[in-house]
Amino acid sequence: MLPPPIPAPARTPRFAAASAARIAHGLVLGFFQPVVPISVWVGLAGLLLDADGDLRPPGPVALVATLLVPLVPNAVLVGLGVVALGRTSLHDLGWKLPDKPAREAALGLCGLVAYLAVFALAVGSLADEPHSTLATALSYPASSRLLLLVAGAHIAFFEESVFRGYLQPALIGKLG
Numbered sequence: 012m013l014p015p016p017i018p019a020p021a022r023t024p025r026f027a028a029a030s031a032a033r034i035a036h037g038l039v040l041g042f043f044q045p046v047v048p049i050s051v052w053v054g055l056a057g058l059l060l061d062a063d064g065d066l067r068p069p070g071p072v073a074l075v076a077t078l079l080v081p082l083v084p085n086a087v088l089v090g091l092g093v094v095a096l097g098r099t100s101l102h103d104l105g106w107k108l109p110d111k112p113a114r115e116a117a118l119g120l121c122g123l124v125a126y127l128a129v130f131a132l133a134v135g136s137l138a139d140e141p142h143s144t145l146a147t148a149l150s151y152p153a154s155s156r157l158l159l160l161v162a163g164a165h166i167a168f169f170e171e172s173v174f175r176g177y178l179q180p181a182l183i184g185k186l187g
């Protein structure tokens, strides 16, 4: 019979929770938040844009390039910058599975319905011709809408991880 596995030692964070070094580290990551995705975008522009500078129509190459635009910066900034260099975990940053996933999914769906209702109300009351505004938004190619969705998800993941999960607790600990 094999002996039970030895648990891995707990990693201690590189920077103390309320230290000036952790705050500086978080601010440096915040500075690079627009720099890294723009660099990736420029590097992948040949795959994402055609000769006229328009987004390529949907296809496997454009899809992979579109997904790389947020994945690479998040891997670099959150994966290497916070998790590896800062020696913290995604769990410590607040990312964990919900206790009641069905309830969380239902609440998310309710939030989406509320958002869409407010969006429809805003377009209906602020746009000169709401139907043409909606038709214009829906006329954009699927690749453009996917790129916007992916960019929004990238920004949300980065901000929740770095600012809310890493930097905000340090600032609260330091400044109260």
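Per my numbering, the sequence shown starts with residue 12, numbered consecutively. Every residue, glycine too, gets a C-beta built ideally from N, C-alpha and C. Source: prediction; values computed, not measured.
- When secondary structure is reduced to three states using DSSP, Leu108 falls in the coil class, being assigned neither helix nor strand.
- The region 98-159 is shown to contain whole alpha helix (DSSP H) runs of 4 or more residues at 112-137 and 141-150, in chain order.
- By the neighbour-count definition (other C-beta atoms within 10 Å, threshold 16), Arg33 is a buried residue.
- A distance below 8 Å separates the beta carbons of Val93 and Leu104.
- The alpha-carbon of Ala167 is positioned some 28 Å away from that of Pro141.
- Going by DSSP, Ala29 is part of no alpha helix (DSSP H) at all; its letter is neither H nor E.
- Contact between the region 116-132 and the region 40-52 is absent: fewer than 3 CB-CB pairs across the two stretches fall below 8 Å.
- In this structure, Arg98 sits near Thr23, with a CB-CB distance shorter than 8 Å.
- Where Gly184 is concerned, the enclosing alpha helix (DSSP H) starts and stops at Gln179 to Leu186.
- Around the beta carbon of Pro84, a 10 Å sphere encloses 16 or more other beta carbons of the protein chains shown; the residue is thus reported as buried.
- Shortest Cα-Cα distance from Val173 to any of His102, Pro71 and Val80 involves His102.
- Inclusion of Tyr177 and Gly57 in the CB contact set at 8 Å is not warranted, their separation being larger than that value.
- For Thr23, no alpha helix (DSSP H) encloses it, and the DSSP letter there is neither H nor E.
- When C-beta atoms of the region 150-169 are compared with those of the region 64-81, three or more pairs fall below 8 Å, so the two segments count as touching.
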